[in-house]
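Contents: one structure, followed by commentary.
2 protein chains.
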Amino acid sequence: MLGIDPGLTRCGVGVVDVAPDRSARLVHVGVVRSDPGAPIEERLAVIAAGLRDVVDAHSPQVVAVERVFAQHNRHTVMGTAQASGIALLIAGERGLPAATHTPSEVKAAVTGYGSADKLQVQTMVARVLRLDALPQPADAADALALALCHAWRGGAAAAASGPLTPAQKAWHDAERLARR
Amino acid sequence: MLGIDPGLTRCGVGVVDVAPDRSARLVHVGVVRSDPGAPIEERLAVIAAGLRDVVDAHSPQVVAVERVFAQHNRHTVMGTAQASGIALLIAGERGLPAATHTPSEVKAAVTGYGSADKLQVQTMVARVLRLDALPQPADAADALALALCHAWRGGAAAAASGPLTPAQKAWHDAERLARR
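Protein chains in written order, with numbering that gives the first Met the number 0: chain P, 0 to 179; chain H, 0 to 179.
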């Protein structure tokens with residue numbers, strides 16, 4: 000399961016292996032960066048290349064991307080939306096299903112409540128993955144939390160069980176539509 | 000000069016050849032579509048493939064993309080922003096400089112005033128390119144207008160004159176920064 004916290008300057012990436020009993024193992028965590036002084040087209044190409052490297056290295060079965068809202072900070076929201084488009088594109092180009100989750104869905108899945116702060120998310124991610132230290136930076140912890148959230152909400156079970164039954168597929172499609 | 004009017008369902012593309020005397024010739028006009036019922040990651044991959052086909056077929060020197068604003072229609076703005084990210088990414092991956100222009104800059108460049116309506120833009124694009132009919136659909140006309148706008152604002156001259164002088168490069172970089 001690959002989680003991506005999209006951003007133009009720092010794009011958090013986290014890969015986890017989730018077992019059917021919901022236990023999870025850290026596979027990779029990192030941040031793909033682009034130079035804020037570079038032209039936007041070059042920055043997006045750097046982010047795409049960095050995300051493709053992660054997909055190539057770890058062969059995730061599913062990609063989860065944090066959902067961006069138009070009403071958030073206007074100065075950065077367009078860049079974040081563009082980076083999220085790149086993340087989803089790379090999933091699509093590799094034939095991987097993608098899902099988006101809101102920050103509060105992620106916080107609720109990982110800590111038990113939707114308004115948890117960053118430290119609480121980092122702490123729970125470290126506990127679940129049995130890490131000796133908090134995952135750093137926060138973007139990377141968010142990406143891991145996103146991957147865990149998606150796995151626990153059914154994504155891992157669906158991916159691990161192979162082809163979906165017609166009923167599972169119908170449910171999955173309906174859920175995807177509802178998330179748009 | 001390739002102009003792209005980004006959209007998830009319809010992405011307008013227009014390629015024009017612009018001479019130093021500002022006269023222009025239509026090279027290609029079209030719309031890249033994606034199925035509104037398909038998952039977002041597949042839609043973005045379809046749009047990316049369609050845009051790459053246009054770049055491969057016509058080898059533009061510069062890509063101009065309509066700038067998306069966060070405050071516009073919230074239901075579609077995220078998809079439009081993601082599509083614009085894909086358009087800019089493809090420029091970046093091919094090493095092509097990209098520029099963004101606002102709709103009012105485009106209207107002002109093509110018709111002489113920034114609040115022109117769609118029919119006025121289509122009419123002027125048809126006149127400039129000596130077309131027998133109005134370019135259809137409107138997304139395609141907008142993409143052609145965008146390409147003309149960018150060419151007339153200095154993009155074509157810069158691209159045609161080969162490597163930039165240091166002063167031109169500094170101006171170009173400053174302009175790019177200001178447009179973010």
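Here a beta-carbon is modelled for each residue, glycine too, at the ideal position from N, C-alpha and C.
Item                                                                                    : Value
H:A132, DSSP secondary structure in three states                                        : coil
Straight-line Cα distance separating P:R21 from P:L145                                  : 14 Å
Chain H contact residues for P:E41, given Cβ-Cβ distances below 8 Å                     : G91
Straight-line gap, H:H100 to H:A90 (C-alpha atoms, nearest Å)                           : 15 Å
H:D4 vs H:D141 beta-carbon contact at 8 Å                                               : yes
C-beta contact flag for H:P35 and P:A97 at 8 Å                                          : no
H:V67 (DSSP reduced to helix, strand or coil)                                           : coil
Assigned secondary structure, P:V14 (DSSP; H/G/I helix, E/B strand, else coil)          : strand
Under 8 Å between C-beta atoms of H:L220 and H:L25                                      : With chain H covering 0 to 179 only, the question about residue 220 of chain H has no answer from this structure.
Chain P residues whose Cβ lies nearer than 9 Å to that of H:A63                         : Neighbours of H:A63 on chain P: none; closest Cβ ~11 Å, over 9 Å.
Backbone secondary structure at H:A158 - three-state DSSP                               : Here the model assigns H:A158 a pLDDT of 46, short of 50, so the residue's position is not dependable and the matter cannot be decided.
Residue from H:V124, H:H57, H:L43 with nearest C-alpha to H:L7                          : H:L43
For H:D181, the first and last residue of its enclosing alpha helix (DSSP H)            : The question about residue 181 of chain H has no answer, for chain H in this structure spans 0 to 179.
Residue burial classification, P:G13 (beta-carbon count within 10 angstroms, cutoff 16) : buried
Pairwise C-alpha distance: P:Q81 and H:R51                                              : 17 Å
8 Å Cβ cutoff, H:L88 in contact with chain P                                            : yes
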